[in-house]
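Let me begin by presenting the structure, written as structure tokens, before commenting on it.
2 protein chains.
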Amino acid sequence: MASSLFFCRIPLQSNSNSNIFYSNSNSNSSYYYSKPIHVRCSAAVHSSKTVSVAEPEPVFNSVKAFAPATVANLGPGFDFLGCAVDGVGDFVTLRVDPDVHPGEIFISDISGAGEKLTKNPLWNCAGIAALSVMKMLHVRSVGLCLSLEKGLPLGSGLGSSAASAAAAAVAVNELFGGKLSVSELVTAGLDSESKVSGYHADNVAPAIMGGFVLIRSYDPLELIPLKFPHEKDLFFVLVNPEFEAPTKEMRAALPPEITMSHHVWNCSQAGALVASVLQGDLMGLGKALSSDKIVEPIRAPLIPGMEAVKAAALEAGAFGCTISGAGPTAVAVTDDEERGREIGERMVEAFFKAGDLKALAMVKSLDRVGARLVHSTPR
Amino acid sequence: MASSLFFCRIPLQSNSNSNIFYSNSNSNSSYYYSKPIHVRCSAAVHSSKTVSVAEPEPVFNSVKAFAPATVANLGPGFDFLGCAVDGVGDFVTLRVDPDVHPGEIFISDISGAGEKLTKNPLWNCAGIAALSVMKMLHVRSVGLCLSLEKGLPLGSGLGSSAASAAAAAVAVNELFGGKLSVSELVTAGLDSESKVSGYHADNVAPAIMGGFVLIRSYDPLELIPLKFPHEKDLFFVLVNPEFEAPTKEMRAALPPEITMSHHVWNCSQAGALVASVLQGDLMGLGKALSSDKIVEPIRAPLIPGMEAVKAAALEAGAFGCTISGAGPTAVAVTDDEERGREIGERMVEAFFKAGDLKALAMVKSLDRVGARLVHSTPR
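Chains as they are written, first to last, in the working numbering: chain X, 1 to 379; chain L, 1001 to 1379.
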């Protein structure tokens, strides 16, 4: 099938005019897209041959992918920085299903903490991302059946929707031979995020790429992976209280304007945070994490006990502490797992004492891999 | 003389309670200071001996120090990031002079581009920094004669006052055996800057330390050196027009408030700038340099031709371009010295055509050393 045709991939991250700005009809957002048209690849093909984009065939009968939880914002990294945490996240199983209409997705079941989620693939975060990847790959002849295992609670501030989208995007891509680039997968995930929780890549980019990721721009999409040194340990203490953070309030509470002095302060702390990650300076990282003067001071009072939880974490020896994403989960950092458990206990106590909230703590290391295939069945 | 006494240096950058916050009576600013009092050094001395701070003796008869020009702000690094440029800067020569009142400074002459500067050491940038270091060292018995060679034009946006202060601070310190730490020298330089051009360390810190420096906080003073990889070349094209940038207007024009979207944008670009420096990514560095949406769009129109100069630099192949400090100098970056000269020519032309201003271009590499002793005469 069409295998003799040229496959002409237009790089997503270049600034060249060959990038076609494509408005996605399924949402209000727009993204860069390798438009499925006949193009002349003048760089690759010196003669003036007309080339077409091929529809790939599945290389597996079924695949299972995992994508990790993520911590976005990280204090002064508000809206442009996030990182992935290992050992907790969502699984997506995908299989070729002749009973599903070609080019479409059927969501057969959702298990775990996702009972509130719709199975309509046009509105389900995994479904949207999967369909987006199918479109990018020009899959028109194969229908897919998707099963979602939610390992992450919804609305916790741990990138639940992004983990589903990332796992689904990677699953579809792997099923068809892994033809898409990382930035294309993030674009698909962003397509899902924009419909479900807002046009932000600070969860879905690290969920796909692992580690710390800086979102430099959206138009074009530019992502900077920030490599935390391999030889250093970094643990996140994640404390999730039984409290529904009012997401709309959380965003509405943010000031439309910021003073110049707060801007300069947060900007310098963001720079310090980036430097600390790259230099593996955990004390510096923690200090930067704790330093936000713009978002955290407004959001923390909306989460009962948060200020006391942060104080308890620091007192117990955490390098730093802030709100994970838009909350209500609190995140603290340390270089020692056992110390992490002690910090978690103190934070849980503080949520109970100061906020009258039950909470669960977990200690997780930095995920350096991102979304990945965990199982596959050959055709 | 007092050489048998313990010398107890209290670390300036620690957060411990042993740091004494000391208000400097010569200015409105304040700084951390190893207070000249009798203290018990419980960490260093296990017995409860009482120790005192000694007055050092000069180890040279005269010294000559150099401090480089600096580029502050660097686009989104407004007010917290700066770097040093090699081969252009100020020289300070200092000699022990029995005719000068002990504990005081006499400025004998100022040559080069400093004809407008006062010789009153209490108001001269080199004088203030020198006196500040003398105070820190508790020099009470020796008078010093200072000579200043200005290699930098005043008010050019290249850290002219900071270069004088840095050279003077390092000269005094070296004359007395180099007892002060880098952060103490920056504190002395900051003392001068606060009186002469504003309470900002983004010129004086890189002038003293070399390379790129991020000012994380002032209270306490925390500086993060950002190491640009040694194996990479980085050249600054500095184009200084014959125009007096109205410093007060330059600062007054800045908005007191910033929109959240501009804040997030600049913050992410600042993070990208830091990452680019540490990773030696010159294209990324240039792009970040050019990306400021807050300060440059307001200041550039106040410098005739600046927008055309930036466009000309980018068109000629510069990785990025912005205003150096508060201007009027424009700074562009490249990895090739010859290309840098071409870029400089195009920028000079643009200043002339679009701004009706004569301008001079120079191409300088990154200074990785900072202020240093260049000559000394033993006692």
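By construction, the Cβ of each residue, glycine as well, lies at the ideal position given by its N, Cα and C atoms.
Query	Result
Counting Cβ pairs closer than 8 angstroms, one from the stretch 88-97 of chain X and one from the stretch 215-235 of chain X, do we hit at least three?	no
Hey, residue 318 of chain X and residue 295 of chain X: beta-carbon distance below 8 angstroms or not?	no
At a CB-CB cut-off below 8 angstroms, which residues of chain L make contact with residue 193 of chain X?	Neighbours of residue 193 of chain X on chain L: none; closest Cβ ~16 angstroms, over 8 angstroms.
Is it true that the CB of residue 189 of chain X sits closer than 8 angstroms to the CB of residue 89 of chain X?	no
What is the rounded straight-line gap between the Cα of residue 30 of chain X and the Cα of residue 263 of chain X?	Residue placement at residue 30 of chain X is poorly supported in this model, since its pLDDT is 28, which falls under 50; the coordinates still yield a value, given next. If I take the Cα positions, the gap works out to 29 angstroms.
Using a Cβ cut-off of 8 angstroms, which residues of the stretch 257-278 of chain X contact any Cβ in chain L, in chain order?	257, 258, 259, 260, 263, 264, 266, 267, 268, 269, 270, 271, 272, 273, 274, 275 and 278
Which whole runs of the alpha helix (DSSP H) in the stretch 1178-1242 of chain L are 4 residues long or more, in chain order?	1182-1196 and 1204-1209
What does the alpha-carbon distance come out to for the pair residue 2 of chain X and residue 59 of chain X?	Bear in mind that the predicted position of residue 2 of chain X carries a pLDDT of just 35, short of 50, making it unreliable; the figure below should be weighed with that in mind. Between residue 2 of chain X and residue 59 of chain X, the C-alpha separation is close to 16 angstroms.
Check whether the stretch 1181-1200 of chain L touches the stretch 1125-1134 of chain L, taking contact to mean three or more Cβ pairs, one atom from each stretch, closer than 8 angstroms.	yes
Please list, in chain order, the chain X residues whose beta carbon lies closer than 7 angstroms to that of residue 1229 of chain L.	Within chain X, no residue comes near residue 1229 of chain L; the closest Cβ sits about 12 angstroms away, beyond 7 angstroms.
So residue 170 of chain X and residue 360 of chain X are in contact, right, with Cβ under 8 angstroms, and what is the actual spacing, rounded?	Not really, about 27 angstroms apart at Cβ, beyond 8 angstroms.
Taking a cut of 8 angstroms between CB atoms, which residues from the stretch 1221-1252 of chain L lie near chain X?	1224 and 1226
Using only the alpha-carbon positions, how far apart do residue 356 of chain X and residue 304 of chain X sit?	7 angstroms
By DSSP's criteria, residue 362 of chain X is part of a beta bridge. Which residues make up the other side?	X:238
Quick one: is residue 265 of chain X buried, meaning 16 or more other Cβ sit within 10 Å of its Cβ, or exposed?	buried
Checking 8 angstroms against the spacing of the C-beta atoms, do residue 377 of chain X and residue 147 of chain X come in under that value?	no
Using 8 angstroms as the threshold, is the C-beta distance between residue 153 of chain X and residue 273 of chain X below it?	no
For residue 1120 of chain L, count the other beta carbons within 10 Å of its own beta carbon; 16 or more makes it buried, fewer makes it exposed. Which is it?	exposed
Any beta carbon from chain X within less than 8 angstroms of residue 1368 of chain L's own beta carbon?	no
Here's the rule: buried if 16 or more other CB atoms are within 10 angstroms of the residue's CB, otherwise exposed. What is residue 1122 of chain L?	exposed
Is it right to say residue 322 of chain X is buried, meaning 16 or more other beta carbons lie within 10 angstroms of its own, or is it exposed?	buried
I want to see whether chain L comes within less than 8 angstroms of residue 254 of chain X, judged by CB atoms only; does it?	yes
Go through the stretch 1271-1340 of chain L residue by residue and report every complete run of the alpha helix (DSSP H) that reaches 4 residues or more, in order.	1282-1289, 1296-1299 and 1306-1315
Within 8 angstroms of any Cβ in chain C, is that where the Cβ of residue 1076 of chain L sits?	The chain inventory of the structure shown lacks chain C, comprising the protein chains X and L.
Between the stretch 1236-1245 of chain L and the stretch 1101-1116 of chain L, are three or more C-beta pairs nearer than 8 angstroms?	no
Taking C-beta pairs closer than 9 angstroms, name the residues in chain X that residue 1215 of chain L reaches, listed in chain order.	268
Looking at chain L, is there any beta carbon in it that lies within less than 8 angstroms of the beta carbon of residue 285 of chain X?	no
Answer yes or no: do residue 1371 of chain L and residue 1347 of chain L have a C-beta to C-beta separation smaller than 8 angstroms?	no
Tell me whether residue 389 of chain X sits in a helix, a strand or coil according to DSSP, three-state version.	The structure shown does not extend to residue 389 of chain X, since chain X is modelled only from 1 to 379, so the question has no answer here.
Based on Cα-Cα distance, which residue from X:82, X:299, X:338 and X:335 lies nearest to residue 381 of chain X?	Summary: the structure shown does not reach residue 381 of chain X, with chain X confined to residues 1 through 379, and so no result is reported for it.
Secondary structure at residue 370 of chain X, three-state DSSP: helix, strand or coil?	coil
Can you grab the Cα-Cα spacing for the pair residue 162 of chain X / residue 345 of chain X, in whole Å?	28 angstroms
Let's see if you can read the secondary structure: which residues bound the beta strand (DSSP E) around residue 1150 of chain L?	1144-1150
Since residue 1193 of chain L contacts residue 1204 of chain L with CB under 8 angstroms, what's their CB separation in whole angstroms?	5 angstroms
For residue 69 of chain X, name the three-state secondary structure that DSSP assigns.	strand
Along the stretch 283-308 of chain X, where does the CB come closer than 9 angstroms to a CB of chain L? Name the residues.	284, 287, 288, 291 and 294
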